[in-house]
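A short write-up of the structure that comes next.
2 protein chains.
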Amino acid sequence: MHEDGAEQRWSIGEVSRRTGITVRTLYHYDEIGLVRPARRTASGHRRYTASDVRRLYRVRALRGFGLSLEEIATVLARSSDDLATLRDLLAAQLAALEAYAARAARLSEQLRDLVGQLDAAVMPEPDQFLTTLEMISVYETYFTEEQREQLARRRTALGDETVEATKMEWLELVRAFKQHVADGTPVDDPRVRDLTARWETIGVAYASPDPQENDQISAAAAALWRDHQEEISTRISSQLDWLAPDDLPKIMEYVERVRQAR
Amino acid sequence: MHEDGAEQRWSIGEVSRRTGITVRTLYHYDEIGLVRPARRTASGHRRYTASDVRRLYRVRALRGFGLSLEEIATVLARSSDDLATLRDLLAAQLAALEAYAARAARLSEQLRDLVGQLDAAVMPEPDQFLTTLEMISVYETYFTEEQREQLARRRTALGDETVEATKMEWLELVRAFKQHVADGTPVDDPRVRDLTARWETIGVAYASPDPQENDQISAAAAALWRDHQEEISTRISSQLDWLAPDDLPKIMEYVERVRQAR
DNA sequence: CTTGAACCTCCCGCGACGGGAGGTCGTACG
DNA sequence: CGTACGACCTCCCGTCGCGGGAGGTTCAAG
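As you go down the protein sequences, you meet chains L and G in turn.
The first sequence begins at 1 in the UniProt record's numbering and counts up by one.
The second sequence begins at 1 in the UniProt record's numbering and counts up by one.
Below, the structure is given as structure tokens:
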């Protein structure tokens, strides 16, 4: 650690080449005071010292971890004596990165599904695909991020076949109810009471251990149905040949009346 | 699909509540022409139709997948007849997301290491930690992303113990060379020739199957050493009690001369 | 002394809005 | 019928991390 007067200094271009940071960025760092060259020549040209360059390397590393320039400025201002701040920031950044990675993974999965559906031409109608997009958004409007995550976890835990089986069972119930609605079966008939009980147990597999959470999810689902009955009914009936668009609202209303009658 | 004159229309505030999109954002979408309400009242208030709201849901879903508003505008402009564009965009987005997730995973690992080192107080000197940051940046300056990934893959494939063993073996070689340098052993001595051979085989475990890639990595490493001898030497010697800061350059030069003498 | 590269400052632009100022409109209530 | 208040309107500045251009000065080599 010897510092004599003849210390080496570099022009902004040389520094740019050495560090791989563009000249424009160096100007920017100087402007905001993040890395200012130790001195200027008489004519105003920037002269960077070895210590400036080291600071630049630190900035680059921290930028690489996703810290903002402001955060970097604060940790580099106090860091010599205080590593705790830096540690906390890095730890926070780590948590943020992991959360982001998890979100990205969920999105990737959803996207793979969608692209797969498009490729398999399962959904030949363009309108139908766009409607799928709408439903995704509606779904996200009514359920919070945690709720969606919770439901997604449950689904993957149960496995695709189980989920598919549940869907089939639900459709079977819908068909049975449709018949009862058509027949005008009274709401206190033991048969429809049994069907309603099965209806309610279906969701149990997706329930979380926390009952309060379940209530919130049920409430969100109810609100979704309340506000978007038509779209949902249209969409589901369009994929089945035995269900008319206005069947589902009638069925849901009927089920509700059965519940009340208990 | 019946469209009578008495179609339902909503004010911007109602739409905001229904979709969860802020009023400000609705203004923005109108401004850039992404979602314009079907009409205005005489006084200029926006009136959104059901079809506008559906478009908003589509926009929100696509935004959720990370598409830009411009991309969304193009796919929604042509999408009714052309799902291929949308498919390609989603597929591209999927690839981008996966790449990003992979990068996030690498960064997380690096960050966990760093935070772990800070917590374990392995590195009590603040300066030393900041120097670590500098080295990270330098490392990234000289090796390309693929090269770093390649090296990281090799390291994880070999396992921590093997890597540690390699490090130990290398240190052993360095100590042996240090002695030979001190003794002035001639560069054509079979003992130093053997040591140099071992030196060279050490890196082989990290080599890629592609020889050209190896050459590039070696070149990058050489450039790094050329430009940052001092920092590296200082850093390594500070962690060992038997190595002076100026030993390593001498040793490297000696090894080079042994190589030339062959 | 000239030429061309490197350097300087100043300023507009991006993407997707947030937020405030300052004005108009709609409607419910007194 | 007036008035109060909330909802709505347009216009414009700010964000973050620079990129890039204009228009001028300085440096180093020939």
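We put the beta carbon where it would ideally sit given N, CA and C, even for glycine.
Within 10 angstroms of the Cβ of residue i, are there 16 or more other Cβ atoms? Answer buried if so, exposed if not.
i, result
"Ile217 (chain G)", "buried"
"Glu134 (chain G)", "buried"
"Gln196 (chain L)", "Strictly speaking, residue 196 (chain L) in this sequence is Thr, with Gln absent from that position. The residue in question, Thr196 (chain L), is buried, as its Cβ has 16 or more Cβ neighbours within 10 Å."
"Trp242 (chain L)", "exposed"
"Asp52 (chain G)", "buried"
"Ser137 (chain L)", "buried"
"His228 (chain L)", "buried"
"Gln93 (chain G)", "buried"
"Ser233 (chain L)", "buried"
"Thr144 (chain L)", "exposed"
"Arg55 (chain L)", "buried"
Whole angstroms is fine: what's the gap from residue i's alpha carbon to residue j's?
i, j, result
"Asp247 (chain L)", "Val23 (chain G)", "35 Å"
"Glu3 (chain L)", "Ser68 (chain L)", "Low local confidence applies: a pLDDT of 42 at Glu3 (chain L) is under 50, so the model's placement there is unreliable, with the coordinate-based value given in what follows. Using only the alpha carbons, I get a separation of about 32 Å."
"Glu140 (chain L)", "Asp30 (chain G)", "22 Å"
"Arg78 (chain G)", "Leu26 (chain G)", "22 Å"
"Arg40 (chain L)", "Asp194 (chain G)", "52 Å"
"Lys250 (chain L)", "Val181 (chain L)", "8 Å"
"Leu111 (chain L)", "Asp82 (chain G)", "18 Å"
"Tyr57 (chain G)", "Ala61 (chain L)", "40 Å"
"Pro190 (chain G)", "Pro245 (chain G)", "27 Å"
"Gly20 (chain G)", "Ile12 (chain G)", "11 Å"
"Glu230 (chain G)", "Gly44 (chain L)", "30 Å"
"Leu173 (chain L)", "Pro209 (chain G)", "59 Å"
"Leu114 (chain L)", "Glu125 (chain G)", "51 Å"
"Glu213 (chain L)", "Arg36 (chain G)", "38 Å"
"Ile32 (chain L)", "Asp127 (chain G)", "24 Å"
"residue 337 (chain L)", "Ala120 (chain G)", "In this structure chain L extends from 1 to 262, so residue 337 (chain L) is not present and cannot be described."
"Ala91 (chain L)", "Leu118 (chain G)", "10 Å"
"Val192 (chain L)", "Gly116 (chain L)", "39 Å"
"Glu161 (chain L)", "Glu109 (chain G)", "35 Å"
Could you name the residues of the same chain whose beta carbon sits closer than 6 Å to that of residue i, not counting the 5 residues immediately before and after it, in chain order?
i, result
"Asp215 (chain G)", "none"
"Arg187 (chain G)", "A small fix is needed here, since residue 187 (chain G) is Val in this sequence, not Arg. The answer, listed in chain order, is Arg257, Val258 and Ala261."
"Phe177 (chain L)", "Ile251"
Just checking: is the beta-carbon of residue i within a distance shorter than 7 Å of some beta-carbon in chain L?
i, result
"Arg54 (chain G)", "yes"
"Leu111 (chain G)", "yes"
"His2 (chain G)", "Per-residue confidence for His2 (chain G) stands at a pLDDT of 42, beneath the threshold of 50, marking its modelled position as unreliable; the derived number appears in the next sentence. Judged by the 7 Å Cβ criterion, His2 (chain G) is not in contact with chain L."
"Val115 (chain G)", "yes"
"Arg226 (chain G)", "no"
"Leu151 (chain G)", "no"
"Tyr57 (chain G)", "yes"
"Tyr100 (chain G)", "yes"
"Ser237 (chain G)", "no"
Step through the CB atoms of chain G and report whether any lies within less than 7 Å of the CB of residue i.
i, result
"Arg87 (chain L)", "yes"
"Ile32 (chain L)", "no"
"Ser137 (chain L)", "yes"
"Ala104 (chain L)", "yes"
"Tyr48 (chain L)", "no"
"Pro126 (chain L)", "yes"
"Glu164 (chain L)", "no"
"Leu195 (chain L)", "no"
"Gly13 (chain L)", "no"
"Ser218 (chain L)", "no"
"Arg36 (chain L)", "no"
"Thr141 (chain L)", "yes"
"Ala91 (chain L)", "yes"
"Glu134 (chain L)", "yes"
Report all residues from its chain with a CB closer than 7 Å to the CB of residue i; omit the five preceding and five following residues, and keep chain order.
i, result
"Leu158 (chain G)", "Ala205"
"Ala73 (chain G)", "Leu34"
"Gly66 (chain G)", "Gln93 and Leu97"
"residue 263 (chain G)", "With chain G covering 1 to 262 only, the question about residue 263 (chain G) has no answer from this structure."
For residue i, collect the residues of the same chain with a Cβ closer than 8 Å to its Cβ; drop the 5 residues on either side in sequence, then sort them by chain order.
i, result
"Ala38 (chain G)", "Arg9, Arg47, Tyr48, Thr49, Ser51 and Asp52"
"Glu149 (chain G)", "Arg106"
"Ala223 (chain L)", "Tyr142"
"Val163 (chain L)", "Arg155"
"Leu151 (chain G)", "Phe143, Tyr206 and Ile217"
"Arg18 (chain G)", "Trp10 and Val53"
"Arg63 (chain L)", "Leu69 and Ile72"
**Message:** For the segment 233-240 of chain G against the segment 198-208 of chain G, do three or more pairs of beta-carbon atoms, one drawn from each stretch, fall closer than 8 Å, so that the two count as touching?
**Reply:** no
**Message:** I'd like to know if the segment 166-177 of chain L and the segment 80-96 of chain G are in contact, where contact means that at least 3 CB-CB pairs between them fall below 8 Å.
**Reply:** no
**Item:** Three or more C-beta pairs below 8 Å linking the segment 92-101 of chain L and the segment 95-110 of chain G
**Value:** yes
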